[in-house]
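J.:
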């Protein structure tokens, strides 16, 4: 029996052969009338929406309050004490191979994705000395899970009989939105307790899958963690392979995309916060920013949870009461800290470019930027030093920030002892509290792409969608979905989308999971 056409198409493009395609709706190739859209927010979601619209002849104005694009994956210049101008950012991001729609966005200006470099592994280190690696693990489920259990020192084959197989079976057939109906009312922590997940392997689930949401596992919905298992491990054959930009984010990703948008007629306005958005008499929307106010046929709100809540509060007539109440209840995850250090000597040559850590106080990972980023590599080569970045997720909001910064550096010294004698040439400590929180029982209350007004769309990683996507890929996907909704309204052909498989990979495992959920 031959494979379905979309499977063959996925294989030709280097995707998982079972990746799911969402075909573009049909219509004209180019807008036949003049349609105007304001995209509020220049992060990944806003850039995706603006790109799909501008390519099809829609007049787009992109508003971004910061002087740079990319949102939480953006970057800005800073001057070090030694006089060097470098790019600072919100920290390391892994561009996983199953981020099909985000990678499709980047291919607009980099068809071969040559500006991305692959890191060879996703290594993990626990304070008790256990080390895990995904490098030699098979990528295709269920062999990925079995191979990991066979190779991992922290998740051992002899631990499997102690688990509750019935409660764990739903992980083998994750579907959206069904997974939320089953697991959204329990925390990630309590779910792993219930299935008796091996204690020594908890850091794998928490550090790799749970804390990626910048949240304490006791606060995070188990449905989100289960979805992460599916996307990265149990449902996709892409595995935990990922790429990183070879240059700083602006140069590698967003400046080329801004040029692409402008060549397609879009107006890109950085340093342009939007004060309010209001429905206009006679149709459309009035968008006010600074001293300017312009009218548009439609608006895409591509903001983080805090920004969306704030703009809605300032825009008293926007949306219906139910939507406004839903947006008002959005809350961010706890604060996180990114510390970047410019050291006067290199770290040991065998240190990986990225290392996930657990049990080292608040330290969640370490990146050695000069292993892959050209700007950091040039500085390290010129000075004989190194550029190291530390992350701490879900920091206690009551914690003293200066003490947390100091503690994070102390933990680096535990993990990489050679850094104890290094002199810090310069340092930057970036505190943020703007990642979305996906609390227990919160799925039904999250905003969706569509609102009660067909001209008002919402996009971003805080937006609910019935597709197996998360993090940066959720942002890109919802941005394209918002654009598609407007394009369909105007009779213009939409953007095709891809996702990882939307169900478990094996019929037998799916049947077992179905039986367990009864």
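Numbering (this note's numbering), first residue to last: 584 to 1101. The beta-carbon is built from N, C-alpha and C at its ideal position, and this holds for glycine as well.
What residue from 845, 600, 677 has the CA that sits closest to residue 638's CA?
T.: The count along the chain shown starts at 1 and reaches residue 638 at position 55. The residue with the shortest Cα to Cα distance from residue 638 is 845.
J.: Take residue 1075 and list the residues in its own chain whose beta-carbon comes closer than 6 Å to its own, dropping the five residues that flank it on each side.
T.: The residue labelled residue 1075 in the question sits at position 492 within the chain shown. Excluding positions up to five away in sequence, the list reads 610, 611, 614, 639.
J.: Considering residue 1066, what are the terminal residues of the alpha helix (DSSP H) in which it resides?
T.: In the chain shown, counting from the first residue as 1, residue 1066 sits at position 483. Counting along the chain, the alpha helix (DSSP H) containing residue 1066 begins and ends at 1054 to 1072.
J.: Taking DSSP as the reference, what is the three-state secondary structure of residue 886?
T.: For this step, residue 886 is matched to residue 303 along the chain shown. Reduced to three states, the DSSP call for residue 886 is coil.
J.: Pull up the distance between the alpha-carbon of residue 1035 and that of residue 830, whole angstroms please.
T.: As a first step, residue 1035 is located in the chain shown; it is residue number 452 there, counting from the start. As a first step, residue 830 is located in the chain shown; it is residue number 247 there, counting from the start. So the two alpha carbons sit approximately 42 Å from each other.
J.: May I ask you to list the residues that DSSP assigns as paired with residue 699?
T.: As a working note, residue 699 is residue 116 in the chain shown. Residue 699 pairs with 828.
J.: To the nearest angstrom, how far is it from the Cα of residue 1000 to the Cα of residue 780?
T.: Within the chain shown, the letter at position 417 stands for residue 1000. Within the chain shown, the letter at position 197 stands for residue 780. If you take the alpha carbons of residue 1000 and residue 780, they lie about 32 Å apart.
J.: Could you tell me which uninterrupted beta strand (DSSP E) segments, each at least 3 residues in length, are contained entirely in the segment 931 to 1003, listed from first to last along the chain?
T.: Fully enclosed beta strand (DSSP E) runs of 3 or longer: 937 to 943, 946 to 951, 969 to 975.
J.: On the DSSP bridge assignment, give the partners of residue 672 in chain order.
T.: The residue you call residue 672 lines up with position 89 of the chain shown. DSSP output for residue 672 lists 658 as bridge partner(s).
J.: Using a Cβ-Cβ distance cut-off of 9 Å, determine whether residue 821 contacts chain D.
T.: The structure shown has no chain D; it contains just one protein chain.
J.: Thinking just about the alpha-carbon of each residue, which of 712, 1037, 1088 is nearest to the one in residue 1073?
T.: By one-based count along the chain shown, residue 1073 stands at place 490. Considering only alpha carbons, the answer is 1037.
J.: Roughly how many whole angstroms lie between the Cα atoms of residue 832 and residue 747?
T.: Walking along the chain shown from the start, residue 832 turns up at place 249. Walking along the chain shown from the start, residue 747 turns up at place 164. Whole-angstrom Cα-Cα distance: 44 Å.
J.: Which whole-angstrom value describes the C-beta separation of residue 882 and residue 1030, a residue pair presumed to lie in contact below a C-beta threshold of 8 Å?
T.: Along the chain shown, one-based indexing puts residue 882 at 299. Along the chain shown, one-based indexing puts residue 1030 at 447. That belief does not hold up - the Cβ atoms of residue 882 and residue 1030 are roughly 14 Å apart, past 8 Å.
J.: Residues bridged to residue 921 by DSSP?
T.: Translated into positions along the chain shown, residue 921 becomes position 338. According to DSSP, which records beta bridges pairwise, residue 921 is partnered with 974, 1013.
J.: Cutting at 8 Å between CB atoms, please list the residues of its own chain near residue 1055, excluding the five before and the five after it.
T.: The residue given as residue 1055 occupies position 472 in the chain shown. Result list for residue 1055: 627, 656, 676, 678, 682, 685, 1044, in chain order.
J.: So what's residue 770 in DSSP terms, helix, strand or just coil?
T.: Residue mapping note: residue 770 aligns to position 187 of the chain shown, counting from 1. Here residue 770 sits in strand by DSSP.
J.: Going by the CB atoms, is the gap between residue 871 and residue 861 shorter than 9 Å?
T.: Counting from one through the chain shown, the residue named residue 861 turns up at place 278. Counting from one through the chain shown, the residue named residue 871 turns up at place 288. Closer than 9 Å, so yes.
J.: By a C-beta neighbour count over all protein chains shown, 10 Å radius and 16 as the cutoff for buried, is residue 601 buried or exposed?
T.: Within the chain shown, the letter at position 18 stands for residue 601. Result: buried.
J.: Look at residue 968 and residue 1032 and say whether their C-beta atoms are less than 9 Å apart.
T.: Your numbering for residue 968 matches position 385 in the chain shown. Your numbering for residue 1032 matches position 449 in the chain shown. Result no, Cβ atoms of residue 968 and residue 1032 do not sit closer than 9 Å.
J.: Opposite residue 854 in the DSSP bridges: which residues?
T.: Counting from one through the chain shown, the residue named residue 854 turns up at place 271. Paired residues: none, contrary to the question.
J.: Is residue 961 buried or exposed, if buried means 16 or more other CB atoms sit within 10 Å of its CB?
T.: Residue mapping note: residue 961 aligns to position 378 of the chain shown, counting from 1. That one is exposed.
J.: To which residues does DSSP link residue 1037 through a beta bridge?
T.: On the chain shown, position 454 is the one that residue 1037 refers to. The partner list for residue 1037 (beta bridge, DSSP) is empty, contrary to what the question assumes.
J.: Grab the span of the beta strand (DSSP E) containing residue 862 for me, first residue to last.
T.: Position 279 of the chain shown holds residue 862. Element bounds for residue 862: 859 to 862.
J.: Work out the CA separation of residue 928 and residue 1023 for me, nearest whole Å.
T.: Working through the chain shown from its first residue, we reach residue 1023 at position 440. Working through the chain shown from its first residue, we reach residue 928 at position 345. The alpha-carbon atoms of residue 1023 and residue 928 are separated by roughly 45 Å.
J.: Roughly how many whole angstroms lie between the Cα atoms of residue 807 and residue 1081?
T.: Within the chain shown, the letter at position 224 stands for residue 807. Within the chain shown, the letter at position 498 stands for residue 1081. The straight-line gap from Cα to Cα measures roughly 19 Å.
J.: Do the segment 730 to 740 and the segment 765 to 779 make contact, defined as three or more Cβ pairs closer than 8 Å?
T.: Segments in contact, no.
J.: Could you tell me the boundaries of the beta strand (DSSP E) in which residue 908 lies?
T.: Within the chain shown, residue 908 is the residue found at index 325, counting from 1. First-last for residue 908: 904 to 911, but that is the alpha helix (DSSP H), not the beta strand (DSSP E).
J.: Which of helix, strand or coil does DSSP assign to residue 1086?
T.: Reading the chain shown from its first residue, position 503 is the one you call residue 1086. In the structure shown, residue 1086 sits in coil (DSSP, three-state: anything other than H, G, I, E or B).
J.: Per DSSP, what are the beta-bridge partners of residue 1047 in this structure?
T.: Here residue 1047 is taken as the residue at index 464 of the chain shown, counted from 1. Its beta-bridge partners are 1031.
J.: Assign residue 764 to one of three DSSP states: helix, strand, or coil.
T.: Stepping through the chain shown from its first residue, residue 764 is reached at position 181. It is helical.
J.: Please name the residue, chosen from 660, 1062, 880, that lies closest to residue 866 on a Cα-to-Cα basis.
T.: The residue you call residue 866 lines up with position 283 of the chain shown. Ranking the options by Cα distance to residue 866, first place goes to 880.
J.: Between 714, 1057, 818, 914, which lies nearest to residue 1016 when the distance is taken from Cα to Cα?
T.: In the chain shown, the residue the question calls residue 1016 occupies position 433. For the residues 714, 1057, 818, 914, the minimum Cα distance to residue 1016 belongs to 914.
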